[in-house]
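Undergrad: This structure is in structure tokens; I'll ask about it shortly.
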Amino acid sequence: MNFRRIQWIFLIAFIAIDIFLGLSLTSDKPFTVTSKSTSQESAIIKEMKNDSITIGKLSNKLSSGYYISSDENDNALQNNVSKLKNQVASYSDNELNSTFESTIKIDPAHPQKVLNKVIKDQSKVLFGTHYVYDARLSAEKDGMIVYVQKGPDLHVLSDDGQLRFKVRNKDTVTGYTQTYMSNIQILREEETTISQKKAVFWLYQHNEIPNNSKIKWAKLGYVKLLSSKGNNVYIPTWVIGIQTKNTDSTQIRQINAFTGTLIKANSNLLNESSSN
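Take 1 as the starting number for the sequence shown in the UniProt record's numbering and just add one per residue.
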């Protein structure tokens with residue numbers, strides 16, 4: 001049995017353990033949101049209102065995704081950094097850091113209009129067409145415009161696949177930092193995920209939504225679950241931004257979109273709390 005095959009056996013074993021633990025944890029909950037009972041949903045919403053939690057309009061739409069992996073030790077950025085022109089670029093700790101020789105003017109309200117053209121030029125940004133603008137994450141990061149890497153069906157929300165343009169005075173791009181997930185592979189067949197509404201309800205069950213707060217947003221994307229033998233494994237995850245009333249900071253929480261279990265912050269998607 002070759003070493004590569006042993007690696008994948010370990011990866012699948014870890015995934016199986018995660019699913020088992022997730023089902024075990026959720027089965028012990030005092031109530032479940034897998035039921036379609038409108039009366040049950042109404043009861044949960046009433047409890048949240050009593051705790052002064054504002055949730056806004058949440059979708060019941062189901063989505064789908066995969067377990068995926070990427071090569072942790074691939075040096076695609078480092079191996080291609082010499083292709084970049086008119087900038088000072090360096091690579092360290094799996095991240096490329098670049099400063100443009102000439103700054104780029106953007107419209108603060110619509111930065112993607114200019115930057116979508118920039119990322120198509122491989123002399124400016126490596127693998128730029130593999131990323132897409134994320135307005136929500138950009139709004140949570142002062143002085144940055146965030147692009148996230150595309151994945152199968154969903155986008156990557158971990159820091160492992162992000163392009164962050166550095167902005168000065170809100171309208172001047174001076175450079176960027178970049179991480180890149182290479183050799184993305186699908187490990188399992190496509191599976192259905194829980195809805196946005198159920199993800200928020202599960203988060204409430206886990207006592208992760210403080211009283212006197214509101215759900216600012218809830219995004220579905222790939223977040224790192226584990227690392228093993230040089231490979232990272234990612235799963236569809238509901239990433240939820242919570243703002244406590246009378247504060248400007250946003251708390252980030254993550255819910256496994258397959259099992260509904262809480263994922264402890266294991267990536268630097270955003271800081272544990274970030275200011276607008």
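Ideal placement from N, C-alpha and C gives every residue a C-beta, glycine not left out. Every value quoted in this text rests on a predicted model; they were computed, and no experiment measured them.
1) Among all the DSSP beta bridges, which residues are the ones paired with lysine 219?
2) Who does isoleucine 186 pair with in a DSSP beta bridge?
3) For asparagine 86, which residues of its own chain have a beta-carbon under 8 Å away from its beta-carbon, when the five flanking residues on both sides are left out?
4) Please classify histidine 110 as buried or exposed, where buried requires at least 16 neighbouring CB atoms within 10 angstroms.
5) Would you please state the rounded distance, in angstroms, between the beta carbons of aspartate 160 and methionine 144? I believe it to be under 8 Å.
6) State the Cα-Cα distance for the pair isoleucine 184 and lysine 46, rounded to the nearest angstrom.
7) How many angstroms separate the CA atom of asparagine 94 from the CA atom of valine 114?
8) Glutamine 122 by DSSP, collapsed to three states: which one?
9) State the beta-bridge partners of leucine 226 as determined by DSSP.
10) Leucine 154 and valine 146 - do their beta-carbons sit closer together than 8 Å?
11) Based on DSSP bridge pairs, tell me the residues matched to methionine 144.
12) Which residue wins for smallest C-alpha separation from asparagine 50, given the options Ile255, Ile209 and Lys229?
TA: Short version:
1) For the purposes of this step, residue 219 is taken as the residue at position 219 of the sequence shown. In the DSSP secondary-structure assignment, lysine 219 is bridged to Val239.
2) As a first step, residue 186 is located in the sequence shown; it is residue number 186 there, counting from the start. Paired residue(s): Ile68.
3) For the purposes of this step, residue 86 is taken as the residue at position 86 of the sequence shown. Result list for asparagine 86: Phe100, Glu101, Ser102, Ser123 and Lys124, in chain order.
4) For the purposes of this step, residue 110 is taken as residue 110 along the sequence shown, with counting starting at 1. Histidine 110 should be labelled exposed.
5) Within the sequence shown, residue 160 is the residue found at index 160, counting from 1. Within the sequence shown, residue 144 is the residue found at index 144, counting from 1. The C-beta distance from aspartate 160 to methionine 144 rounds to 16 Å, too long to meet the 8 Å contact threshold.
6) The residue labelled residue 184 in the question sits at position 184 within the sequence shown. The residue labelled residue 46 in the question sits at position 46 within the sequence shown. Each residue's Cα considered, the two are about 42 Å apart.
7) By 1-based counting over the sequence shown, the position of residue 94 is 94. By 1-based counting over the sequence shown, the position of residue 114 is 114. When the Cα atoms are used, asparagine 94 and valine 114 turn out to be separated by approximately 27 Å.
8) Translated into the one-based positions of the sequence shown, residue 122 becomes position 122. Coil, per DSSP.
9) Residue numbering aside, residue 226 sits at position 226 when the sequence shown is read from its first letter. DSSP, once it has assigned bridges, lists Val233 as partnering leucine 226.
10) Here residue 146 refers to the residue found at position 146 when the sequence shown is read from its first residue. Here residue 154 refers to the residue found at position 154 when the sequence shown is read from its first residue. In this structure, valine 146 keeps its C-beta atom at 8 Å or more from the C-beta atom of leucine 154.
11) Position 144 of the sequence shown holds residue 144. DSSP output for methionine 144 lists Lys166 as bridge partner(s).
12) Mapped onto the sequence shown, residue 50 falls at position 50. Comparing C-alpha distances from asparagine 50 to each of Ile255, Ile209 and Lys229 shows the shortest one belongs to Ile209.
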